[in-house]
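**Q** Okay, handing you the structure first.
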Amino acid sequence: SLTVDRANDTPETLAAYAKTLGAKPGWYFLTGERRELDPVLKKLGLYVELRESHSPIFLVGNLRTGLWKKVFGLGDSEEVIASIESVAGDAPTR
């Protein structure tokens, strides 16, 4: 999870959020100044000029296979789950 809203999304807030979600090893929570995170966002193809213009995107990855997929977070819940499972399980999307 990546946020540029450092004022609200402090490391402590993100740690509590991770605990609430039951985040397992490999799920990272990153915050920082915009200038620090812009190169990361650009590399991931998620950069937007205005913070308010961002999309709720999940970037789901499987380190073992190297498969990564962008998933629209406000889509149909079954489609979101199917996309995540397809990356985690190395299966094609339904």
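Residues 388 to 481 (the working numbering) are what the sequence shown spells out, left to right. Ideal Cβ placement from N, Cα and C applies to all residues, glycine included. Only a predicted model underlies this, so the values are computations on that prediction, with no experimental measurement involved.
How big is the Cα-Cα spacing for V474 and V458?
**A** Straight-line Cα distance between these residues: approximately 11 Å.
**Q** Could you tell me if P407 is buried or exposed, where buried requires 16 or more neighbouring beta carbons within 10 angstroms of its beta carbon?
**A** Just to set this straight, residue 407 is Thr in the shown sequence, not Pro. It counts as exposed.
**Q** Report yes or no: is there a C-beta of chain D within less than 9 Å of the C-beta of S470?
**A** Although the question refers to chain D, the structure presented lacks it and comprises just one protein chain.
**Q** Are L417 and T452 closer than 9 Å when you measure CB to CB?
**A** No. Outside cutoff.
**Q** Could you pull out every residue in the same chain whose Cβ sits closer than 8 Å to the Cβ of F444, ignoring the five residues on either side in sequence?
**A** Note that residue 444 is Ile in the sequence shown here, rather than Phe. Excluding sequence neighbours, I444 sits near L433, K457, V458, F459 and G460.
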